[in-house]
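Sequential numbering from -8 applies to the sequence shown in my numbering.
Backbone N, C-alpha and C define an ideal beta-carbon position, used for all residues, glycine too.
Working notes for the structure below.
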Amino acid sequence: MSGERTFIMIKPDGVARGLVAKIIKRFEQRGYKLVAMKLMKASEELLKNHYADLSAKPFFSKLLEFVGSGPVVAMVWEGKDVVKQGRSMLGETNPLASKPGSIRGDYSIDIGRNIIHGSDSIESAKKEISLWFNDKELVEWKPPCYSSIYE
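Below is the structure:
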């Protein structure tokens, strides 16, 4: 298994609509391993750091208000080409441009309520993971041992 990791966040609209399990299932079915997850209400400071690259955009304050309005599910997924493939699984930022079969294409129609965030590069994944998780919260996966204690 590749050690590449990505940050995925289910936004408050995805949590409120009960889409958490469906989204997790898609990543698991693709073969990716969940190495960290937490349900939390993100602080304004965390969101400002996370979305710092968008701070000059006119929608910045509304974005912070929306993502800070309720619980989010922050996750780290690991696997081969997970950043690129994760973005593909999410679909386009504008859900109306997303293909059916993508998460946004199947579950969202509003760019302001597009249910999910995913890192767009390996560098941003590293930055985002370190903002949302400390090293002790990241699980190291090892192949399961099925030659159990019962033998």
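Going straight from the alpha carbon of residue i to that of residue j, what length do you get?
{"i": "Pro86", "j": "Asn105", "result": "6 Å"}
{"i": "Arg(-4)", "j": "Pro49", "result": "30 Å"}
{"i": "Ser79", "j": "Tyr23", "result": "14 Å"}
{"i": "Lys127", "j": "Ser60", "result": "27 Å"}
{"i": "Glu69", "j": "Ala27", "result": "10 Å"}
{"i": "Leu55", "j": "Ala47", "result": "13 Å"}
{"i": "Pro91", "j": "Lys13", "result": "15 Å"}
{"i": "Ser93", "j": "Gly77", "result": "10 Å"}
{"i": "Phe(-2)", "j": "Arg8", "result": "21 Å"}
{"i": "Ser99", "j": "Thr84", "result": "10 Å"}
{"i": "His41", "j": "Ser34", "result": "11 Å"}
{"i": "Lys71", "j": "Leu81", "result": "16 Å"}
{"i": "Met(-8)", "j": "Trp132", "result": "Low local confidence applies: a pLDDT of 48 at Met(-8) is under 50, so the model's placement there is unreliable, with the coordinate-based value given in what follows. Cα-Cα distance, rounded: 9 Å."}
{"i": "Leu38", "j": "Val58", "result": "8 Å"}
{"i": "Trp123", "j": "Ala65", "result": "7 Å"}
{"i": "Val11", "j": "Ile107", "result": "10 Å"}
{"i": "Arg21", "j": "Phe51", "result": "33 Å"}
{"i": "Leu25", "j": "Val67", "result": "6 Å"}
{"i": "Glu119", "j": "Asp101", "result": "24 Å"}
{"i": "Ala43", "j": "Ser115", "result": "11 Å"}
From what residue to what residue does the beta strand (DSSP E) around residue i run?
{"i": "Phe(-2)", "result": "-4 to 1"}
{"i": "Leu25", "result": "24 to 31"}
For residue i, which residues does DSSP report across the bridge?
{"i": "Arg104", "result": "Asp101"}
{"i": "Ser143", "result": "Absent from the structure is residue 143, since the part of the chain shown begins at -8 and ends at 142."}
Is it the case that the Cβ atoms of residue i and residue j are separated by a distance below 8 Å?
{"i": "Val74", "j": "Ser110", "result": "yes"}
{"i": "Val63", "j": "Lys2", "result": "yes"}
Quick check: is any heavy atom of the ligand MG less than 7 Å from the C-beta of residue i?
{"i": "Ser60", "result": "Among the components modelled here there is no ligand, and therefore nothing to report on the ligand MG."}
Determine the extent of the alpha helix (DSSP H) in which residue i is found, giving its start and end residues.
{"i": "Glu143", "result": "It is not possible to answer for residue 143, since the shown part of the chain is limited to -8 through 142."}
{"i": "Ser115", "result": "113 to 123"}
Go through the region 29 to 88 residue by residue and report every complete run of the alpha helix (DSSP H) that reaches 4 residues or more, in order. Taking only runs of at least 4 residues, the alpha helix (DSSP H) segments lying wholly in the region 29 to 88 are 35 to 41, 51 to 58, 73 to 81.
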